[in-house]
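Engineer: Note that the sequence shown covers residues 0 to 89 in numbering that gives the first Met the number 0.
All C-beta atoms in this analysis are idealised placements derived from N, C-alpha and C, irrespective of residue type, glycine included.
A quick note: this is a predicted structure, and the numbers were derived from the prediction, not measured.
Could you have a look at this structure, given as structure tokens, before my questions?
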Amino acid sequence: MPPSLDAAIADCEALAALVGWTRNYFTHWNPKLERKAAKDDDLVRLTEALRLILEALLLLEVGFAPDEIGALVASNPAVKRDIAYAFGDE
Numbered sequence: 000m001p002p003s004l005d006a007a008i009a010d011c012e013a014l015a016a017l018v019g020w021t022r023n024y025f026t027h028w029n030p031k032l033e034r035k036a037a038k039d040d041d042l043v044r045l046t047e048a049l050r051l052i053l054e055a056l057l058l059l060e061v062g063f064a065p066d067e068i069g070a071l072v073a074s075n076p077a078v079k080r081d082i083a084y085a086f087g088d089e
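Below, the structure is given as structure tokens:
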């Protein structure tokens, strides 16, 4: 994971748990998971976070170094905005 994105993720385990709860809630409609699942704006932020993580991992997979991805992030205001939105406290 590039350092710029890794630093934005405050708690990787909590993010993974939220993804799991949300996926399970919306897949199986389990009422027990409703309070744990992301909804509304939180669901949009979670989707954005997963998109950013997936894009970074795909760049790593095709051969970009973490520092190169960090440089791409640093030079792209739209990506920095998306990271702030997905992982920020807005």
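Would L14 and A37 qualify as a contact pair, given that the criterion is a beta-carbon distance under 7 Å?
Structural biologist: Against the sequence shown, residue 14 aligns to sequence position 15. Against the sequence shown, residue 37 aligns to sequence position 38. Cβ atoms of L14 and A37: not closer than 7 Å.
Engineer: Just to confirm, is the Cβ distance from P1 to A55 under 7 Å?
Structural biologist: Here the question's residue 1 lines up with position 2 in the sequence shown. Here the question's residue 55 lines up with position 56 in the sequence shown. Yes, these two residues count as a Cβ contact at 7 Å.
Engineer: In the segment 7-64, which residue ranges form an unbroken beta strand (DSSP E) of at least 3 residues, counting only runs that do not cross its ends?
Structural biologist: none
Engineer: Would you kindly report the start and end of the unbroken alpha helix (DSSP H) that includes P94?
Structural biologist: The structure shown does not extend to residue 94, since the chain spans only 0 to 89, so no value can be given for it.
Engineer: Helix or strand or just coil, what does DSSP make of P1?
Structural biologist: Reading the sequence shown from its first residue, position 2 is the one you call residue 1. Reduced to three states, the DSSP call for P1 is coil.
Engineer: If I measure Cβ to Cβ from D81 and keep anything under 7 Å in the same chain, skipping five residues before and after, which residues do I get?
Structural biologist: In the sequence shown, counting from the first residue as 1, residue 81 sits at position 82. Excluding residues within five positions, the ones whose Cβ falls inside 7 Å are E47, L51.
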